[in-house]
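Here's the structure we're looking at; comments come further down.
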Amino acid sequence: MKAQNETRYERRKQRTRNALKKAAAELLMRKGYESLTIQDITDQLDLARATFYVHFNDKDDIVWSLLQDHFSQLNEILQAELPVQTLNRHQQKLRLIFDYAAKERELLAVMLSDRGHITLTRRFTRYIATIIKADIEKGLTPYQEEVPIDFKANYLAGALLQVLTWWLENDNNLSPRNLADMFYKQEYPV
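First residue of the sequence shown: 409, per our numbering; consecutive thereafter.
Right, here's the structure in full:
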């Protein structure tokens, strides 16, 4: 009986946590990072502020949790849809990243724009750099050895995030696939 009550409590706790994150995401898209407050989030759900603090330390914690959820989703997509070794794995990975960005365009546009926060952009850049570095070390991303791996990974991550931000902020007719292919051709001209 006690184990059943704990399980029920954990499910309720997870539902509340998910509701808080969903409300935070909606408000983040509407208000931007700087204007988002804990009070806004709890008011939207008609919860006490204390409930928020059971799940998160502060605004940065909940927004970081949202970003981590997106990292996890993107990582699952990349792991599931890419064969272990292919000649153009890097190009395929870029396509999947831009497809994901298109699907999550509204939230990512806020997180990576002036309405977001520099910490979010830095964390996203580090995440992308980590993926690129791992691929370089596995021999899955083209690499010239005279350049340090960390430099190459951070250079590509920064360029990718800048192009992604530009694409999200501007109305253009570029499809995710076209954008990924253009990025690939700029970085790895034949």
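Even glycine gets a Cβ: it sits at the ideal position worked out from N, Cα and C. For clarity, every value in this text was computed on a predicted model and none was experimentally measured.
For residue i versus residue j, is the C-beta distance shorter than 8 Å?
{"i": "Leu564", "j": "Leu436", "result": "no"}
{"i": "Pro502", "j": "Phe559", "result": "Checking the sequence, you will find Leu at residue 502 rather than Pro. Against a cut-off of 8 Å, the Cβ pair of Phe559 and Leu502 comes out as no contact."}
{"i": "Leu582", "j": "Phe532", "result": "no"}
{"i": "Phe479", "j": "Pro584", "result": "no"}
{"i": "Leu474", "j": "Ala432", "result": "yes"}
{"i": "His463", "j": "Arg438", "result": "no"}
How long is the line joining the alpha carbons of residue i and residue j, rounded to whole angstroms?
{"i": "Ala517", "j": "Lys429", "result": "17 Å"}
{"i": "Asp589", "j": "Trp472", "result": "30 Å"}
{"i": "Ile557", "j": "Ile544", "result": "7 Å"}
{"i": "Asn496", "j": "Ala537", "result": "18 Å"}
{"i": "Trp575", "j": "Leu453", "result": "33 Å"}
{"i": "Glu577", "j": "Ser521", "result": "8 Å"}
{"i": "Tyr551", "j": "Ala488", "result": "24 Å"}
{"i": "Leu572", "j": "Glu414", "result": "43 Å"}
Taking all protein chains shown into account, do 16 or more other C-beta atoms lie within 10 angstroms of the C-beta of residue i, making it buried, or fewer, making it exposed?
{"i": "Ala456", "result": "exposed"}
{"i": "Lys421", "result": "exposed"}
{"i": "Ala509", "result": "buried"}
{"i": "Lys546", "result": "exposed"}
{"i": "Tyr608", "result": "Given a span of 409 to 598 for the chain in the structure shown, any question on residue 608 remains unanswerable."}
Given residue i, which residues of its chain have a CB within under 6 Å of its CB, disregarding the five upstream and five downstream residues?
{"i": "Gln499", "result": "Tyr592"}
{"i": "Met519", "result": "Leu528"}
Just to confirm my understanding: we take residue i, look at its own chain, exclude 5 residues before and 5 after, and list those with CB closer than 7 Å. What are they?
{"i": "Ile540", "result": "Thr549, Ala561, Leu564, Ala565"}
By Cβ distance below 8 Å, which residues in the same chain neighbour residue i in space, the five residues on each side in sequence not counted?
{"i": "Ser443", "result": "none"}
*Can we say the segment 520-534 touches the segment 449-466, given the rule of at least three CB pairs closer than 8 Å?*
Contact annotation: the segment 520-534 does not touch the segment 449-466, with fewer than three C-beta pairs closer than 8 Å.
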